[in-house]
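Residue numbers (my numbering): 21 to 434.
Taking it in order: structure first as structure tokens, then the write-up.
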Ligand code: SAH
């Protein structure tokens with residue numbers, strides 16, 4: 021299968037961008053970019069129409085008979101994910117297994133001596149294995165596939181995975197369901213068994229010496245937000261000597277327990293999901309911290325902030341890590357408004373001399389855009405400075421051209 025790209029899409033592929041959107045295919049459908057691209061006498065291009073998800077496609081463009089190889093996705097907005105740019109012999113399971121081995125081998129030394137048993141083994145595009153994410157939770161690994169192109173490959177890849185991961189102490193492999201099932205069965209199991217002993221529904225992992233309960237069966241992402249590992253360690257360091265800490269959108273309490281262990285007097289965790297607090301409390305206990313000495317509030321964060329302000333409550337360390345407000349480019353303006361409202365409300369309960377850690381996990385919101393939602397006018401104060409801007413950890417690598425992969429912003433204001 022050959023797929024002919026528009027000039028714009030071809031330039032992106034040359035830069036190393038791993039995605040070809042459907043309208044990046046010359047003559048493949050409707051869309052302004054494509055018009056005028058078709059040469060005289062060229063037959064109506066199929067745009068991959070005959071291909072099935074998982075098929076290998078060869079990419080070409082005007083003046084470039086071979087740009088690289090990718091896998092076709094018949095359903096998602098991304099029609100092709102690009103795996104090879106140079107003239108490699110073939111795109112087959114051996115080539116994929118080699119890429120995976122490289123991703124795993126890189127990490128072999130990274131966590132040595134750090135008392136960390138949960139990390140990302142493969143970050144898809146960022147590890148040059150587009151659409152394949154593998155997270156390790158101690159002896160279990162959870163695979164997530166973005167889009168449908170690797171589904172037909174999974175059976176063939178599994179023996180390679182089992183061998184490579186088994187050599188590193190992983191015994192069970194599970195597959196995270198692609199999307200929450202239609203009809204909103206949000207509480208349903210999202211994990212399918214692929215290999216080895218059955219995966220536990222819940223387990224404790226360790227992260228920089230801290231125990232964390234992970235809900236593999238029902239948790240968010242593949243179970244936990246591993247991308248905040250380094251930032252949790254930062255919060256732990258920032259918490260020393262703080263009297264009152266507020267962790268908004270606390271989920272399983274990762275930042276909360278970090279703050280408590282770091283020496284904070286009282287930590288208030290706010291999340292709209294009460295099940296998340298139950299997890300957080302077990303994590304507190306596992307680390308020898310009495311949850312009764314802290315607060316777990318099931319509430320909407322905006323409501324909570326309004327009431328806290330009305331009560332005159334003040335905090336000297338606040339962490340705000342909301343879910344993605346901008347899942348798409350279209351949602352951007354509304355998302356920026358939501359971040360602004362959130363930060364305005366947060367600033368009102370932040371003590372003078374306090375520290376604010378504000379996070380965003382939306383790739384559609386750039387760091388500069390996000391910082392603008394923390395400016396003096398929004399916060400209605402002029403005593404804060406940006407102490408640091410952090411992102412995702414090294415087990416979540418990206419590519420220079422793949423800006424979408426750099427989604428995490430973690431801004432420390434003091
Ligand atoms: N900080 C967490 C990850 C946060 S995920 C960590 O490091 O692990 C986002 C969380 O926000 C989810 O647990 C979700 O239940 C919660 N949430 C979503 N909307 C909310 C709202 N309006 N108010 C409070 N919590 C909310």
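A virtual CB, placed ideally from N, CA and C, is assigned to each residue, including glycine.
All values derive from a computational prediction rather than experimental measurement.
About 25 Å separates the beta carbon of residue 322 from that of residue 311, a gap too long to meet the 8 Å contact definition.
Membership of residue 396 in the alpha helix (DSSP H) is indicated by the continuous run 396-399. By the C-beta density criterion, residue 107 is exposed, having fewer than 16 other C-beta atoms within 10 angstroms.
By the criterion of a C-beta distance shorter than 7 Å, residue 145 is surrounded in its chain by 38, 419, 422, 425, once the five residues flanking it on both sides are discounted. Between the ligand SAH and the CB of residue 248, the shortest heavy atom gap is smaller than 8 Å. For residue 354, the secondary structure class from DSSP, reduced to helix, strand or coil, is helix. Our two residues, residue 135 and residue 271, have alpha carbons roughly 22 Å apart in a direct line. A distance below 9 Å separates the beta carbons of residue 91 and residue 100.
Apart from sequence neighbours up to five positions away, the residues of its chain that approach residue 169 with a beta-carbon distance below 7 Å are 73, 74, 91, 92, 93, 101, 151, ordered along the chain. Taking 4 residues as the minimum length, the alpha helix (DSSP H) runs contained wholly in the stretch 173-199 are 174-186, in order along the chain. Straight through space, the alpha carbons of residue 266 and residue 115 are spaced by roughly 47 Å. The ligand SAH has a heavy atom closer than 8 Å to the beta-carbon of residue 267. The Cβ neighbour count for residue 86, taken over all protein chains shown within 10 Å, is under 16; the residue is labelled exposed. Between the stretch 353-361 and the stretch 272-290 there are fewer than three C-beta pairs closer than 8 Å, too few to call the two in contact. Scanning its chain for C-beta atoms nearer than 7 Å, with the 5 sequence neighbours on each side dropped, one finds around residue 156 the residues 138, 139, 141, 190, in chain order.
In terms of side-chain proximity, the C-beta atom of residue 245 is found nearer than 8 Å to a non-hydrogen atom of the ligand SAH. Contact between the stretch 248-263 and the stretch 225-234 is present: three or more C-beta pairs spanning the two stretches fall below 8 Å. Of the heavy atoms belonging to the ligand SAH, at least one sits nearer than 8 Å to the Cβ of residue 252. Between residue 274 and residue 245, the C-beta spacing is below 9 Å.
Counted as a single uninterrupted DSSP element, the alpha helix (DSSP H) harbouring residue 329 occupies residues 321-331. The alpha carbon of residue 433 has as its nearest neighbour, out of 299, 394, 268, 414, the alpha carbon of 394. Close CB contacts of residue 380 within its chain, under the 7 Å cut and outside five residues either way in sequence, are with 359, 390, 429 (chain order). Taking a cut-off of 8 Å on C-beta distances, the stretch 118-134 touches the stretch 180-189, as three or more cross pairs fall below it.
Pairing residue 222 with residue 210 gives a Cβ-Cβ distance that is not under 9 Å. Runs of alpha helix (DSSP H) with 4 or more residues, each lying fully within the stretch 250-319, are found at 274-282, 294-306, listed in chain order.
In this structure, DSSP gives residue 159 a state outside helix and strand, which the three-state scheme calls coil. For residue 45, the beta-bridge partners assigned by DSSP are 25.
In this structure, residue 382 has its beta carbon at no less than 8 Å from each heavy atom of the ligand SAH. Around the beta carbon of residue 336, a 10 Å sphere encloses 16 or more other beta carbons of the protein chains shown; the residue is thus reported as buried.
Secondary structure of residue 235 (DSSP, three-state): strand. In the same chain as residue 292, and ignoring 5 residues on each side of it, the C-beta atoms closer than 8 Å to its own belong to 318, 319, 320, 321, in chain order. Across the structure, residue 179 and residue 42 are spaced so that their CA atoms are roughly 32 Å apart.
Cα atoms of residue 118 and residue 34: separation of roughly 22 Å, rounded to the nearest angstrom. Residue 213 counts as exposed, since fewer than 16 other beta carbons sit within 10 angstroms of its beta carbon. DSSP, reduced to helix, strand and coil, places residue 104 within a strand of the structure shown. Take the alpha-carbon of residue 376 and the one of residue 46: they are about 48 Å apart.
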